[in-house]
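Peer 1: Below: one structure in C-alpha cells.
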C-alpha cells in the first residue's frame with residue numbers, strides 16, 4: 462500500500478507538473494512555428510517597395526548582417542529544443558524551463574522583426 466501512495470503525486474507537485482507540461486507545449490509550438498515564421502517574414506519583406514528598389518537598383522538595402530538573423534534563428538531553435546526535451550531533474554534551476562521558453566519566443570520575435578526590416 463505504501464508503494465501506491467508514494468507513486469501518486471502530492472498536491473504540491475500536481476500544479477508544478479501541469480505548469481511544466483504547459484511550458485513544454487509552448488516550447489514545442491514555438492519550434493514548430495519557427496520555419497513558417499521565417500518564411501512568412503521573408504515573403505512579406507520581399508513584397509515591399511524598398512525590397513524591389515534594393516533588388517533592382519541596389520539602393521536602400523539593409524545593413525543588418527545575415528549572421529545576426531541566423532543567430533536569432535539558432536538561439537530560438539536551441540532554447541525551444543532545450544525547453545521541450547530537458548527532463549525536470551536535469552534543469553540547472555527550477556525556473557530554467559520558463560526562462561528558456563520566454564527567451565525562445567523573444568529570439569523568434571527578434572528574428573521575425575529583423576527579417577521584416579531587411580529586404
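Residue numbers (this note's numbering): 462 to 580. Note that CB positions come from ideal geometry on N, CA and C, so glycine has one too.
Give me the residue from 523, 545 and 520 with the minimum Cα distance to residue 560.
Peer 2: Here residue 560 corresponds to residue number 99 of the chain shown, with the count starting at 1. When each option's Cα is compared against that of residue 560, the closest is 545.
Peer 1: So for residue 496, helix, strand or coil by DSSP?
Peer 2: Residue numbering aside, residue 496 sits at position 35 when the chain shown is read from its first letter. Reduced to three states, the DSSP call for residue 496 is helix.
Peer 1: Mind checking residue 527: buried by the 16 CB within 10 Å criterion, or exposed?
Peer 2: For this step, residue 527 is matched to residue 66 along the chain shown. Residue 527 is exposed by the Cβ-count criterion.
Peer 1: Does the Cβ of residue 478 have 16 or more other Cβ atoms within 10 Å, making it buried, or fewer, making it exposed?
Peer 2: Counted from its first residue, the chain shown places residue 478 at position 17. So residue 478 ends up on the exposed side.
Peer 1: So is residue 537 buried or exposed if we call it buried at 16+ other beta carbons inside 10 Å?
Peer 2: Here the question's residue 537 lines up with position 76 in the chain shown. It is buried - the Cβ of residue 537 has at least 16 other Cβ atoms within 10 Å.
Peer 1: In whole angstroms, what is the alpha-carbon distance linking residue 575 and residue 552?
Peer 2: In the chain shown, counting from the first residue as 1, residue 575 sits at position 114. In the chain shown, counting from the first residue as 1, residue 552 sits at position 91. In a straight line, the C-alpha of residue 575 is about 31 Å away from that of residue 552.
Peer 1: Starting from residue 517, trace the alpha helix (DSSP H) in both directions and tell me its first and last residue.
Peer 2: To locate residue 517, count along the chain shown from 1; it is residue 56. Counting along the chain, the unbroken alpha helix (DSSP H) around residue 517 starts and ends at 510-518.
Peer 1: Would you identify the three-state DSSP class for residue 485, choosing helix, strand or coil?
Peer 2: Position 24 of the chain shown, counting from 1, holds the residue named residue 485. Of the three classes helix, strand and coil, the one that applies to residue 485 here is helix, per DSSP.
Peer 1: How many angstroms separate the CA atom of residue 480 from the CA atom of residue 494?
Peer 2: Within the chain shown, the letter at position 19 stands for residue 480. Within the chain shown, the letter at position 33 stands for residue 494. Near 21 Å, if we compare the C-alpha coordinates of residue 494 and residue 480.
Peer 1: Evaluate contact between the segment 562-572 and the segment 519-534, counting only Cβ atoms and requiring at least three cross-stretch pairs below 8 Å.
Peer 2: yes
Peer 1: Rounded to a whole number of angstroms, what is the C-alpha to C-alpha distance between residue 518 and residue 529?
Peer 2: Position 57 of the chain shown holds residue 518. Position 68 of the chain shown holds residue 529. Using only the alpha carbons, I get a separation of about 24 Å.
Peer 1: Taking the alpha helix (DSSP H) that residue 558 belongs to, which residues open and close that run?
Peer 2: Numbered from its first residue, the chain shown carries residue 558 at position 97. Note, residue 558: alpha helix (DSSP H), 557-578.
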